[in-house]
Amino acid sequence: MKNKLLHRLETIREVQLHQSLTHMKRGLEKESLRVTPNGELAQSRHPESLGSALTHQWITTDYSEALVEFITPVFQDIKRPLAFLNDLHRFTYQNLNDELLWVNSMPCLMGDELSIPIADYGSSNVGKMKHYYRHGLWHRYGRYMQTIAGIHYNVSIPETFWSVYHQLENSGEELQDFISEQYFGLIRNFLRNVGLVVYLYGASPAVCGSFLKGRSHQLETFQQHTCYMPYGTSLRMSDLGYHNDAQAGLKVSYNSLSEYVHSLQHAIRTPYPPYVEMGVKNGDQYQQLNTNILQIENEFYSSIRPKRVTRSGERPTCALVDRGVEYIELRCVDLDPFSPVGITESQIRFLDVFALYCLLEDSPALTESEQQCNIENLQAIVTQGRDPHLRLTSKCTQAPFRQWAQEHLDKMLQVARLLDQAHDHSAHSEVVKAQMEKLTHPELTPSARIMETLFEQQQPFFEFAMNSAKATANHFKNQPLSSTEAAAFAKEARRSIAAQRRIESEDEISFDQYLNNFFAQDACS
5 MKNKLLHRLE
15 TIREVQLHQS
25 LTHMKRGLEK
35 ESLRVTPNGE
45 LAQSRHPESL
55 GSALTHQWIT
65 TDYSEALVEF
75 ITPVFQDIKR
85 PLAFLNDLHR
95 FTYQNLNDEL
105 LWVNSMPCLM
115 GDELSIPIAD
125 YGSSNVGKMK
135 HYYRHGLWHR
145 YGRYMQTIAG
155 IHYNVSIPET
165 FWSVYHQLEN
175 SGEELQDFIS
185 EQYFGLIRNF
195 LRNVGLVVYL
205 YGASPAVCGS
215 FLKGRSHQLE
225 TFQQHTCYMP
235 YGTSLRMSDL
245 GYHNDAQAGL
255 KVSYNSLSEY
265 VHSLQHAIRT
275 PYPPYVEMGV
285 KNGDQYQQLN
295 TNILQIENEF
305 YSSIRPKRVT
315 RSGERPTCAL
325 VDRGVEYIEL
335 RCVDLDPFSP
345 VGITESQIRF
355 LDVFALYCLL
365 EDSPALTESE
375 QQCNIENLQA
385 IVTQGRDPHL
395 RLTSKCTQAP
405 FRQWAQEHLD
415 KMLQVARLLD
425 QAHDHSAHSE
435 VVKAQMEKLT
445 HPELTPSARI
455 METLFEQQQP
465 FFEFAMNSAK
475 ATANHFKNQP
485 LSSTEAAAFA
495 KEARRSIAAQ
505 RRIESEDEIS
515 FDQYLNNFFA
525 QDACS
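Add 4 to the 1-based position in the sequence shown for the working numbering, that's all there is to it.
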């Protein structure tokens, strides 16, 4: 009997539905630390010439004042988010003076934790909330963890696809309910298979010892200050990255939109004793937004999120309840230090194939035990992915890693051919075949290429990262924006500053009342 994936692919071809996939939409969010010419974390404020981090459409900050975040608009053409991201880098380098953007996910030359400046968003209530939320992250997880950078890849399946696919699947649900259900099926399969992306594209096998100050770890040491895992792929995705005890016990369900929202809202309402003991305020100074397991939804660290564009002041879970899932955010992508903008066109094509594969493959409900298996498999790939003898040995998966990965890539190749037919080229198939090569030749992976450079040149991680940052800076400085292009970005910077001032002048309630109003949204309609 033909499996359901092949049957779906054939049916989609028969009704020419694959043509609608040329209208998939994509956007990129890319984080980069600002550093001084000697590689230390910048202590300067977010440059005013870049605009307001609170209200700028495309240039903001993440946790730290020194952690720049670029956000592209959403495009259908796969090349356009990359081109826009390239322009954002060019504009930024024209306004950084002698500072550099760090091009690796893991930071370096970390001083005392308090030397990491928390992002400031001004005096408005919304700006204060963003700032105090980050204070909460500091007290809960420490500041070091918040300096890790990555790329978030946002992708949505077109409405024209959903309307027909809804009929093909003989669903009796309302269309938006069906779309949300299908996105959650995609998410469950993503969680089952995300280790494949981490192996193929993980680019953080090493880190400066300064990042690990005061922490116990099992990494090996090279060149005195470089810590690494011999077969590691992505320390960013390991327990050295986003991890804490409170969230370790958090059970978030991905089996339906309602269960997912309930899980997160329960965590936002449930006190966590150590946070209760800390208190919300120290005198008049906010230390966190509340004393619960999560302050807000975004505090939950996951490699993928269901998303819906929110309205001003709206809770993300409320937006999902009211209007359903609109797109997904893939959060497992390390910065690629070999690419000026941190990600390549071929990687985007692979992520498109991977997302579509996760959508079209059968996706049964996840049990708690299977979720634990997925976590164990991912951590094995994170720490030992390039070991040629690696076996996935969780209760759910008993197989050599390369056999497991090859089986998924074989099926993904069928999905890639569907996308190629829609676009009238072979680029998606070619990128999947190229990833198959990485299974038999792990030295082709970004993580292996980084370690090979360190060993062959007897170069510590810091020196490799600094050389990469300087080369990337020269790349962008040698292709400045035209006066017209620069003027357009400068105009947005000025608009954002004016918008922040307007928001600050229009506040009519205290911050305490603003926060109470925000959390009162727990009862989503």
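No residue lacks a Cβ here, since even glycine has one placed at the ideal position from N, Cα and C.
Query, Result
"Residues in its own chain within less than 8 Å of N259 by CB, not counting five upstream and five downstream?", "F188, R192, A369 and L370"
"What residue range does the beta strand (DSSP E) around Q402 cover?", "Q402 to P404"
"How would you write the range of the alpha helix (DSSP H) that K8 sits in, first residue to last?", "K8 to E18"
"Considering only residues of the same chain and omitting the five flanking positions on each side of M114, which have a CB-CB separation below 8 Å?", "L45, I120, Y148, T151, C212, S214, F215 and K217"
"Please look up how many angstroms separate the CB atoms of L104 and A473, rounded, as I've assumed it's under 8 Å.", "5 Å"
"Looking at the strands, I want to know which residues DSSP matches up with Y232.", "A210 and E224"
"Excluding sequence positions up to five away, which residues of its chain have a Cβ less than 7 Å from the Cβ of M5?", "For M5, the pLDDT reaches just 41, beneath the cut-off of 50, and the residue's location in the model is therefore unreliable, although a value from the coordinates is still provided. Taken in chain order, the list of residues that qualify is empty."
"Answer yes or no: do V592 and I155 have a C-beta to C-beta separation smaller than 7 Å?", "Only positions 5 to 529 of the chain appear in the structure, and residue 592 is not among them; the question remains open."
"Within 10 Å of its beta-carbon, does K495 have 16 or more other beta-carbons around it, so buried, or fewer, so exposed?", "exposed"
"Could you pull out every unbroken alpha helix (DSSP H) segment of at least 4 residues lying fully inside the region 155-180, listed in chain order?", "163-172"
"Give the list of continuous beta strand (DSSP E) stretches no shorter than 3 residues that lie fully inside the region 398-446.", "402-404"
"At what residues does the beta strand (DSSP E) containing V337 begin and finish?", "Y331 to V337"
"Determine the extent of the beta strand (DSSP E) in which L21 is found, giving its start and end residues.", "L21 -> no beta strand (DSSP E), and no H or E assigned at all."
"Quick check: the region 28-43 against the region 62-72, are there 3 or more CB pairs under 8 Å?", "yes"
"Counting pairs of beta carbons, one from the region 22-36 and one from the region 461-472, are three or more of them closer than 8 Å?", "no"
"Would you tell me roughly how many angstroms separate the C-alpha atoms of V386 and F194, rounded to the nearest one?", "16 Å"
"Assuming contact is defined by CB atoms lying nearer than 7 Å, are A271 and L298 in contact in what I supplied?", "yes"
"DSSP state of P41, grouped into three classes?", "coil"
"Do you know how far the Cα of Q517 is from the Cα of P275?", "20 Å"
"Where does V265 sit, in a helix, a strand or coil, going by DSSP?", "helix"
"Check whether the region 177-184 and the region 358-369 are in contact - that is, three or more C-beta pairs closer than 8 Å.", "no"
"Which term fits K481, buried or exposed, when burial requires 16 or more other beta carbons within 10 angstroms of its beta carbon?", "exposed"
"Just list the alpha helix (DSSP H) runs in the region 66-115, keeping only unbroken ones of 4 residues or longer that don't cross its boundaries, in chain order.", "83-97"
"Which residue wins for smallest C-alpha separation from T444, given the options L204, N108, P344 and F493?", "L204"
"Given a threshold of 16 other Cβ atoms within 10 Å of its Cβ, counted over all protein chains shown, does V313 qualify as buried or as exposed?", "exposed"
"Report yes if the CB atom of L58 is closer than 7 Å to the CB atom of G131, and no otherwise.", "yes"
"Any heavy atom of the ligand COA closer than 6 Å to the Cβ of L204?", "Absent from the structure shown: the ligand COA. Ligands present: none."
"Where does T314 fall in DSSP's three states?", "coil"
"Which class does K255 belong to by DSSP, given the choice of helix, strand or coil?", "coil"
"Report yes if the C-beta distance between K134 and D366 is below 7 Å; otherwise report no.", "no"
"Ends of the alpha helix (DSSP H) at P536?", "This structure gives no information on residue 536, because the portion of the chain shown stretches from 5 to 529."
"Take Y279 and list the residues in its own chain whose beta-carbon comes closer than 6 Å to its own, dropping the five residues that flank it on each side.", "T295"
"Taking DSSP as the reference, what is the three-state secondary structure of K217?", "coil"
"Counting beta carbon pairs with one atom in the region 450-458 and one in the region 336-354, are three or more of them shorter than 8 Å?", "yes"
"Name the two residues that bound the continuous alpha helix (DSSP H) containing N482.", "Looking at the DSSP string, N482 is not in any alpha helix (DSSP H), and its letter there is neither H nor E."
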